[in-house]
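A quick write-up on the structure given underneath.
Residue numbers (this note's numbering): 626 to 957.
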């Protein structure tokens, strides 16, 4: 159904703006799914994945503009570079847990923001970085359509990878870390190696999403690319849909992504869209702490158990009627 929706949506979009909004929603879906490699498997809540997406975008743009590398070759190289950078970042960040890990992930975003703003001779600083389009001859609608399909393919690849990990021995070790890291380590699971490996995989997919955004949008700004809000939105999307579910982050990205686009149109540059997003996060945490999909699935299972229960309520009249039928059957 998801593949069918991706294939059909560009033809049904009434105008280029709606199609561009679809590209943005798919971008969020890829980012939330990439985050779910860490958050869903290990339970580590990272607000720094926006920085990894920003690194992917800037690495792609700089490889194109400074090294004159073809666009999609630069995209793949940028993902490899960010995955390599994720190793030392993970060595530092994954040694702490809980709130300390959240703080370290926020610090990563702020440090990279300062670096890319100050290093103006390379990154363009506050002026931004202009990234050439990979399809220079295309009109805007066709440009949006091409990137919608590219993002759709990347999303399917990320979901397939998550699905395979979820059913592997490696995924079982990651889920053991999520449930009780100390106990998993005492039973022989190499917890740090597992966490670092999945963090690198998550960083690679996040960088691919950030690099595709750079190729699609064509203009990078450090304040936007390295924003704590980006990481907060990703976490909200994953929590809303359900972090332990394959399609949870996708559902959350569709709901929150559409809501963000609507709020921005309605409220413009005012901070009201942040207020509404915060209220949505509060409602999710209060009433659906496991996410929409697990909550709805649990409700359906409870209703089925009631319908399929072998225990029935009998009134006295029902019991008397049953005994009468039994006596009649025995006498006949």
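Every residue, glycine too, gets a C-beta built ideally from N, C-alpha and C.
For residue 709, which of 684, 721, 694 and 948 has the nearest alpha-carbon? Across the set 684, 721, 694 and 948, the C-alpha of 684 shows the shortest separation from the C-alpha of residue 709.
Can you list, in chain order, the residues of its chain whose CB lies under 6 Å from that of residue 888, leaving out five sequence neighbours each side? Annotation for residue 888: 898 and 901 place their beta carbon closer than 6 Å to its own, counting only its chain and skipping 5 residues before and after.
Taking the straight line between their C-alpha atoms, what separation do you get for residue 738 and residue 680? Their Cα atoms are separated by approximately 10 Å.
Is it right to say residue 935 is buried, meaning 16 or more other beta carbons lie within 10 angstroms of its own, or is it exposed? Because residue 935 carries a pLDDT of 46, less than 50, the predicted location of this residue cannot be relied on, and no value is offered for it.
Compare the beta carbon distance of residue 829 and residue 704 with 8 Å and say whether it is the shorter of the two. Taking 8 Å as the cut-off, the beta carbon of residue 829 is found closer than this to the beta carbon of residue 704.
Just to confirm before moving on: does the CB-CB distance between residue 700 and residue 779 stay below 8 Å? Contact flag unset, no.
How big is the Cα-Cα spacing for residue 955 and residue 942? A straight-line Cα-Cα distance of about 20 Å links residue 955 and residue 942.
Delimiting residues of the alpha helix (DSSP H) encompassing residue 788: Here the alpha helix (DSSP H) through residue 788 covers 765-791.
Below 8 Å, how does it come out for the segment 709-723 and the segment 857-866: are there three or more Cβ pairs, yes or no? They do not touch, by the three-pair rule.
Using DSSP bridges, identify the partner residues of residue 844. Note: residue 844 sits in a beta bridge opposite 755.
Given a threshold of 16 other Cβ atoms within 10 Å of its Cβ, counted over all protein chains shown, does residue 989 qualify as buried or as exposed? Nothing about residue 989 can be read from this structure; the chain reaches only from 626 to 957.
Evaluate residue 850 with the Cβ neighbour count: other Cβ atoms within 10 Å of its Cβ, from every protein chain shown; 16 or more gives buried, anything less gives exposed. With at least 16 other beta carbons inside 10 angstroms of its own, residue 850 counts as buried.
Tell me the DSSP secondary structure of residue 719 in three-state form. Of the three classes helix, strand and coil, the one that applies to residue 719 here is coil, per DSSP.
With a threshold of 7 Å on Cβ separation, who are the neighbours of residue 742 within its own chain once the five nearest residues in sequence on each side are excluded? Within the same chain, residue 742 has close Cβ partners 750, 751 and 847.
For the segment 669-677 against the segment 906-924, do three or more pairs of beta-carbon atoms, one drawn from each stretch, fall closer than 8 Å, so that the two count as touching? Between the segment 669-677 and the segment 906-924 there are fewer than three C-beta pairs closer than 8 Å, too few to call the two in contact.
Are residue 831 and residue 659 close, meaning C-beta to C-beta below 8 Å? In this structure, residue 659 lies closer than 8 Å to residue 831 by Cβ.
How should residue 646 be labelled, buried or exposed, when 16 other C-beta atoms within 10 angstroms of its C-beta is the threshold for buried? Label assigned to residue 646: buried.
For the segment 767-784 against the segment 795-806, are there 3 or more C-beta pairs whose distance is under 8 Å? Cβ pair count under 8 Å is below three, so no.
Pairwise C-alpha distance: residue 678 and residue 706: Residue 706 and residue 678: Cα-Cα distance of roughly 12 Å.
What are the start and end residues of the alpha helix (DSSP H) that includes residue 654? Where residue 654 is concerned, the enclosing alpha helix (DSSP H) stretches over 641-667.
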